[in-house]
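Each step along the sequence shown adds one to the number in our numbering, with nothing skipped, and position 65 is 109.
Glycine included, C-beta positions come from ideal geometry on N, C-alpha and C.
Because the structure is a prediction, the values reported are computed rather than measured.
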Amino acid sequence: MFTPKPQTIANDITEMVRSLALTVGSHAHARELAPAILDECEKLQGLDVINASLLKANVHVLTGDLARFEYWINNAVVNGASQEQVARARLSGYFLSGQISKSRELFDEVYSTNIGSPIAFLNEAVASGWFQTAAKATEGLPAGVVPEPLMKMIHAGAAMMDQVKLTEATAGLIMDEAYGLLVSQGLVWLGSRPEITFLNAERGGPAIYMGLMLATTPKHAAELGWDLSIRLAERDLDMKGLLVSLQGTVLEPATKSSFFGAPA
Numbered sequence: 045m046f047t048p049k050p051q052t053i054a055n056d057i058t059e060m061v062r063s064l065a066l067t068v069g070s071h072a073h074a075r076e077l078a079p080a081i082l083d084e085c086e087k088l089q090g091l092d093v094i095n096a097s098l099l100k101a102n103v104h105v106l107t108g109d110l111a112r113f114e115y116w117i118n119n120a121v122v123n124g125a126s127q128e129q130v131a132r133a134r135l136s137g138y139f140l141s142g143q144i145s146k147s148r149e150l151f152d153e154v155y156s157t158n159i160g161s162p163i164a165f166l167n168e169a170v171a172s173g174w175f176q177t178a179a180k181a182t183e184g185l186p187a188g189v190v191p192e193p194l195m196k197m198i199h200a201g202a203a204m205m206d207q208v209k210l211t212e213a214t215a216g217l218i219m220d221e222a223y224g225l226l227v228s229q230g231l232v233w234l235g236s237r238p239e240i241t242f243l244n245a246e247r248g249g250p251a252i253y254m255g256l257m258l259a260t261t262p263k264h265a266a267e268l269g270w271d272l273s274i275r276l277a278e279r280d281l282d283m284k285g286l287l288v289s290l291q292g293t294v295l296e297p298a299t300k301s302s303f304f305g306a307p308a
């Protein structure tokens, strides 16, 4: 009888977690679907305790249970998870839970203490919008080590942030406010990273555009966008150089069969 290898099982569950992040628009919806995925993680626990623990951590993040997220991260550490494994899981968890400023602090720690390979985290930093951190990490690296398209993105993003006088600390606070607003409405954003575009003057810039997709109607998303602008103004946070757009899309609700197929 064929028995899948632990890494194959871990890869399959990782895809389930990614799909969950892309198809649930609220913690409540995630709580309906999480038990079945956690059951799969439990099957992996005896074969690969580190991967199973880290996967459980990110499932719990999607349900809004940050205490269980920390519990399973710590369980992975106790069982010998590397600093790089833990950093990757935390980065994913911070974004899925809207702890954006914490993700920037962790990127700083990764690069200042040489956790793993700096190159391995560059894509994560760029996808998260931390261009200044990524630019700093590439200083002194031999030519050709970083793929040219990625290097161009890093330089363009860092240059845009300099041009609009936007610091990563301020960007993190703005994104924290955006996520806090969503959670107050019972929503989370779809996926783990924003859509990022650089806007020139002809397109309303110069500015960095970050689009967040929500499982709600476009009308409701527009109303939330207006609420966000008010919250930022009340906190003296200028969104001039960073335009956060909340976009609504009505999805067909994911079900257990979305991940495991229809019952026989």
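Task: Three or more C-beta pairs below 8 Å linking the stretch 87-95 and the stretch 116-125 - done: yes
Task: Strand pairing of Met197, partner residues [DSSP] - done: Answer is none; Met197 lacks a bridge partner.
Task: Span separating the alpha-carbon of Lys284 from that of Ser147 - done: 22 Å
Task: Element boundaries [beta strand (DSSP E), containing Gly292] - done: Leu286 to Gly292
TODO: Would you list the residues sitting across from Phe242 in a DSSP beta bridge?
DONE: Ile252
TODO: Check whether the stretch 183-192 touches the stretch 256-266, taking contact to mean three or more Cβ pairs, one atom from each stretch, closer than 8 Å.
DONE: no
Task: Close-in-space but distant-in-sequence residues of the same chain around Phe165 (CB under 6 Å, 5 per side omitted) - done: Val154
TODO: Determine the burial state of Val189: buried for a count of at least 16 other Cβ atoms within 10 Å of its Cβ, exposed for fewer.
DONE: exposed
TODO: Could you check if Trp310 is buried or exposed, using at least 16 other CB atoms within 10 Å of its CB as the buried criterion?
DONE: It is not possible to answer for residue 310, since the shown part of the chain is limited to 45 through 308.
Open item on the list: According to DSSP, simplified to helix, strand and coil, what is Met283?
Closed with: coil
Task: Chain-order list of residues whose beta-carbon lies under 7 Å from that of Pro25 (same chain, five-residue window excluded) - done: One cannot answer for residue 25 here, as it falls past the ends of the chain, which runs 45 to 308.
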